[in-house]
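Sequence lines, in order, name chains A and B.
Position one of the first sequence corresponds to residue 88 (our numbering), numbered consecutively onward.
Position one of the second sequence corresponds to residue 1212 (our numbering), numbered consecutively onward.
The block underneath contains the structure these notes are about, expressed in structure tokens.
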Amino acid sequence: MSEIHASLSFNLDVGLIQAALPLFAAEEVEALEWSFDTLFQQPELPDWFLELLQTYGDVGRLVGHGVFFSLFSGKWLPEQAAWLRELRDLTQRFRFDHISEHFGFLTGSDFHKGAPLSVPYNAQTLAIGRDRLMRIAEASGCPVGLENLAFASSTQAAQVHGEFLEALLAPVNGFVILDLHNLYCQLHNFGLDAAEMLAAFPLARVREIHISGGSWESSAHRPHPGVRRDTHDDRVPEEVFALLADAMPRCPNLKFVVLEHMGFALATEQTQSYYRDDFRRMRALVHAEKARRNTTTHSPTTNLFLPPSLNLGTAPLEDASLHQQQQILSDILETSESLAAVQSAIRHSPLADTDWDIATWDPAMLETAWLIARKWRDGF
Amino acid sequence: MKISSNLLGAMVLCATLGAVTSSCTTTKVQTDDIKNSEKGGAVNEGLSGKIHNLFSPRPDPCPTCGMG
């Protein structure tokens, strides 16, 4: 069993720094997760921030979490090649214990203000995802993983997500970030059973767990309080803490438990205090799990998630048909004036009668995707 | 996990000023802070006041980058 570290998702954000400072001062932050690609446009980072990353990295307590790679884009984009070059450079400067990305593809300009969209689970997307993961592993030279998605278009898509993650990750010996608030979103939005859904994930691949808060999006197709979204802008719900306590003992390769929060939602003394309370509660649960492991006979850690020797093709895999479908879906979501118009346009698009399986799409989830896409279009 | 007093001091400064621009650099903290740190206490007492002051941000600009 690996040591588990109570960790913060941390970045150059005033609200986040102010909220987390007392935790750093009290030496309670055991590891850091850094969304490195959110700062790719910054020409230079502050010396203190580099020193912080170095400090945690030097002792194996720094992990990288990508946001903008867009793993499943049908077309290989110049931005993805640039992303890999930046990652390669960063891993020469800092020692990351692992690198992770999100599942899905990006249509909007700011991933964390919206929601990534999923893709059909078929042989084409599986091949593209595997190829891209291997490129991340080759560039970073460390374990690579993927986070489970918060957004799903249908109950069935939510139920088979864990199985598809396993198929994606196995060739690169990758790990899963089990985001428990994302799971909470799916439990609520599709009325699913927590134990069944947890069991549907490859828990032996879970190396990192995320917890966070979120918000409710009202919908004509859902009773109050509506659709749960993973917006990282509120306290961690009780249900997510319960999921954490339940999940940790079932994840033998767990190494990092991370609290995520958006800095803009930490503007007041009260929200900052709540944030610290949530972190300390998470840390207490992590330490309780560590104590339990120390008093229980366990098999040793068997998976360090080191990538095998990689056999990359010279050209990244692409799928022109998938790219066209993603462009059409993005365009419909961003330009339609009503949910009915979205539904009609999709029914008459090339997505109909394909593996996108649009007949099963939940109206409330489609409505949420449409609302998010309109915000993206308007520049947020 | 423990981080150095100087690093913590620089974080305090940037957070206090609300400036996280690229030109903010690590700033030396007072000798007392370092002594406190060397005593090995769980909490660096010399910095606690500075951290408390975060909630009363000063209007002064960052001495390095000039941003307030």
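We put the CB at the ideal spot given by N, CA and C, even for glycine.
Only a predicted model underlies this, so the values are computations on that prediction, with no experimental measurement involved.
Alpha carbon to alpha carbon, what distance is there between valine 263 of chain A and glycine 252 of chain A?
According to the sequence displayed, residue 252 of chain A carries leucine and not glycine. Leucine 252 of chain A and valine 263 of chain A: Cα-Cα distance of roughly 8 Å.
Note the first and the last residue of the continuous beta strand (DSSP E) segment covering serine 302 of chain A.
Element bounds for serine 302 of chain A: 302–304.
Distance check for glutamate 131 of chain A and leucine 279 of chain A, CA to CA, integer angstroms please.
Spanning the two alpha carbons is a distance of roughly 46 Å.
Since I believe valine 150 of chain A is in contact with glutamate 120 of chain A (beta carbons under 8 Å), could you give me their beta-carbon distance rounded to a whole number of angstroms?
Contact holds; Cβ gap of about 5 Å.
Just checking my contact of arginine 368 of chain A with phenylalanine 343 of chain A at CB under 8 Å: how many whole Å lie between their CB atoms?
Actually they do not touch by this definition, with Cβ atoms about 17 Å apart.
Establish whether the CB of leucine 108 of chain A and some CB of chain B are separated by less than 9 Å.
It does; some Cβ of chain B falls within 9 Å.
According to DSSP, what are the bridge partners of arginine 315 of chain A?
DSSP lists A:Trp303 as partners of arginine 315 of chain A.
DSSP three-state call for alanine 93 of chain A: helix, strand or coil?
Three-state result, alanine 93 of chain A: strand.
Assuming asparagine 260 of chain A and leucine 393 of chain A are in contact, meaning their beta carbons sit under 8 Å apart, how far apart are those beta carbons, in whole angstroms?
That pair is a contact at about 7 Å.
Using 10 angstroms around the beta-carbon of threonine 212 of chain A, count the other beta-carbons present and answer buried if the total reaches 16, otherwise exposed.
Classification of threonine 212 of chain A: buried, given that the 10 Å Cβ count is 16 or more.
Valine 146 of chain A CB to nearest chain B CB: under 9 Å?
So yes, valine 146 of chain A belongs to the interface.
Is lysine 1213 of chain B close to chain A? Criterion is C-beta to C-beta, closer than 9 Å.
True, the Cβ-Cβ gap to chain A drops below 9 Å.
For alanine 456 of chain A and chain B, any beta-carbon pair shorter than 9 Å?
So, not an interface residue.
Mind checking which residues open and close the beta strand (DSSP E) that includes arginine 180 of chain A?
Run containing arginine 180 of chain A: none in the beta strand (DSSP E); it sits in the alpha helix (DSSP H), 165–180.
Nearest CA to the CA of arginine 309 of chain A: which residue from A:Ala451, A:Ala112 and A:Leu438?
If we check each option's Cα against that of arginine 309 of chain A, A:Ala451 comes out closest.
Just reading off the beta strand (DSSP E) that phenylalanine 343 of chain A is part of, what are its end residues?
Start and end: 343–346.
Less than 8 Å between the CB atoms is what I'm expecting for glycine 102 of chain A and phenylalanine 351 of chain A, so what's the real figure, rounded?
Between phenylalanine 351 of chain A and glycine 102 of chain A the Cβ distance is about 6 Å, and since that is below 8 Å, they are a contact.
Between serine 299 of chain A and the rest of its own chain, which residues show a CB-CB distance below 6 Å, the 5 nearest in sequence each way excluded?
Excluding residues within five positions, the ones whose Cβ falls inside 6 Å are His268, His319 and Glu347.
Does any residue of chain B have a CB that is nearer than 9 Å to the CB of threonine 358 of chain A?
Not one chain B Cβ lies under 9 Å of threonine 358 of chain A.
Along the chain, where does the beta strand (DSSP E) containing leucine 1228 of chain B start, and where does it finish?
Per DSSP, leucine 1228 of chain B belongs to no beta strand (DSSP E); it is in the alpha helix (DSSP H), 1216–1228.
Starting from tryptophan 121 of chain A, trace the beta strand (DSSP E) in both directions and tell me its first and last residue.
Looking at the DSSP string, the run of the beta strand (DSSP E) that includes tryptophan 121 of chain A is 118–121.
List the residues of chain B that tryptophan 121 of chain A touches, going by C-beta distances under 8 Å, in chain order.
Within chain B, no residue comes near tryptophan 121 of chain A; the closest Cβ sits about 14 Å away, beyond 8 Å.
Give me the Cβ distance between serine 241 of chain A and threonine 178 of chain A, rounded to the nearest whole Å; I'm assuming they're in contact under 8 Å.
About 37 Å separates the two Cβ atoms, so there is no contact after all.
Put histidine 495 of chain A into one of helix, strand or coil per three-state DSSP.
In the structure as shown, chain A starts at 88 and stops at 467, and residue 495 of chain A therefore has no counterpart that could be examined.
Quick one: using the 10 Å Cβ neighbour count with 16 as the cut-off for buried, is alanine 66 of chain A buried or exposed?
The displayed coordinates of chain A run from 88 to 467. Any statement about residue 66 of chain A would go beyond what the structure contains.
Taking C-beta pairs closer than 8 Å, name the residues in chain B that leucine 139 of chain A reaches, listed in chain order.
Residues of chain B passing the Cβ test: Ile1214, Leu1218 and Met1222.
Which of the three DSSP states is assigned to leucine 265 of chain A in this structure?
Strand.
Once the 5 residues before and after arginine 222 of chain A are set aside, which same chain residues still bring their CB inside 8 Å of it?
Correct list, in chain order: Leu171, Leu399 and Pro403.
By Cβ distance below 6 Å, which residues in the same chain neighbour aspartate 317 of chain A in space, the five residues on each side in sequence not counted?
Ala237, His268, Asn269, Cys272 and Gly301.
Using three-state DSSP, classify leucine 252 of chain A as helix, strand or coil.
Three-state DSSP puts leucine 252 of chain A in a helix.
Rounded to a whole number of angstroms, what is the C-alpha to C-alpha distance between glutamine 413 of chain A and glutamate 250 of chain A?
Taking the straight line from one Cα to the other gives about 23 Å.
Kindly indicate the opening and closing residues of the beta strand (DSSP E) around leucine 149 of chain A.
149–152 is the extent of the beta strand (DSSP E) around leucine 149 of chain A.
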